[in-house]
Amino acid sequence: MPATLDAIRVIILFIIPGFISQYLIGSSIPRRQQSANEVFLEAILFSCINYALFGWPLLLSPVLYPQFIEQHVVWVLVGWATVLLITPIALGLLFSWLINKQRLTGLYGMLGLRYTDPIPRAWDYYFGRRNQGWVRVTFLDGTMIAGFMGTQSFASSFPSPEDLYLEKVYQINENGVLSEEPLPGSDGVWIQGNQIKFMEFINIPEGESDHASTERTQN
330 MPATLDAIRV IILFIIPGFI SQYLIGSSIP RRQQSANEVF LEAILFSCIN
380 YALFGWPLLL SPVLYPQFIE QHVVWVLVGW ATVLLITPIA LGLLFSWLIN
430 KQRLTGLYGM LGLRYTDPIP RAWDYYFGRR NQGWVRVTFL DGTMIAGFMG
480 TQSFASSFPS PEDLYLEKVY QINENGVLSE EPLPGSDGVW IQGNQIKFME
530 FINIPEGESD HASTERTQN
């Protein structure tokens, strides 16, 4: 029984906080497939970072002030609940932001370390940024199609195969120039990723109105 209780304590203290952070990161960005050992080691690492940033007062207080727990039971319980459940959420959101903004690359470089991006594909990297703009697609057979990638569009993420839904379709001439307005009655187009040779992305000009999907500048 004591061994079982010790195992439960280890899981609560060093696994659950890390899993919470991992879940937040995984729900924000596509990630490479990890083995079970990598998942557990990463959970322990995130838990340790969590304690180093937020949990050290709770860990040191009983050592420096032996009567602290008895005198402040409610605050200690609130503190542990926060460190076990709330701060891991903040940590997961922080790391999601760092990964999305490529901040970890510079940090690793400053430390002389090689950074391996957890985002598995260029597809996930670009579409994960949720940029709005026009997309010009060239297929394996050389034909082209163009559309608008907006808030109603969708791109798959790892580990699903690549596919893309563009909410508006534009006529495109032999030189690759898009029409000024989408095709009348266009309700979008679905594109299968394994038929794509390459894609070109055209950003919305700075300051253009919210109706950019229906009023396009020439490119």
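For what it's worth, the numbering used here labels the leading residue of the sequence shown as 330, then goes sequentially.
Ideal placement from N, C-alpha and C gives every residue a C-beta, glycine not left out.
Quick caveat: nothing in here was measured; it's all calculated off a predicted structure.
By the neighbour-count criterion, in which a residue is buried when 16 or more other Cβ atoms sit within 10 angstroms of its Cβ, LEU495 is buried. Here the stretch 446–463 makes no contact with the stretch 379–398; the two share fewer than three CB pairs at distances below 8 Å. Annotation for PHE477: the continuous beta strand (DSSP E) segment containing it runs 473–478. For VAL464, no alpha helix (DSSP H) segment is defined; the enclosing uninterrupted segment is the beta strand (DSSP E) at 462–468.
Rounded to whole angstroms, the Cβ separation of ILE373 and PHE343 is 5 Å, and the two are in contact under 8 Å. Segment contact: the stretch 506–526 against the stretch 464–478, three or more CB-CB distances shorter than 8 Å; contact assigned. Looking at VAL464, GLN500, PRO490, ASN504, the one whose alpha-carbon comes closest to that of ILE533 is VAL464. Contact between PHE375 and PRO346 holds: CB atoms are separated by about 7 Å, below the 8 Å threshold. Here LEU512 is near VAL498, since their CB atoms are less than 8 Å apart. Here ILE531 is not near SER425, since their CB atoms are 8 Å or more apart. In this structure, SER356 is the residue among GLY479, SER356, LEU334 with its C-alpha nearest to the C-alpha of ILE448. By the neighbour-count criterion, in which 16 or more other beta carbons inside 10 Å mark a residue as buried, ALA484 falls on the buried side.
For ASN532, the enclosing beta strand (DSSP E) begins and ends at 525–532. Residues of the same chain with a CB within less than 6 Å of the CB of LEU420, apart from the 5 flanking positions on each side, are SER350, ASN379 in chain order.
Under the DSSP definition of a beta bridge, VAL412 lacks any partner.
When only Cα atoms are considered, MET439 and LYS430 end up about 16 Å apart. In this structure, DSSP gives TYR394 a state outside helix and strand, which the three-state scheme calls coil. Burial of PRO359 is indicated by the presence of at least 16 other C-beta atoms within 10 angstroms of its C-beta.
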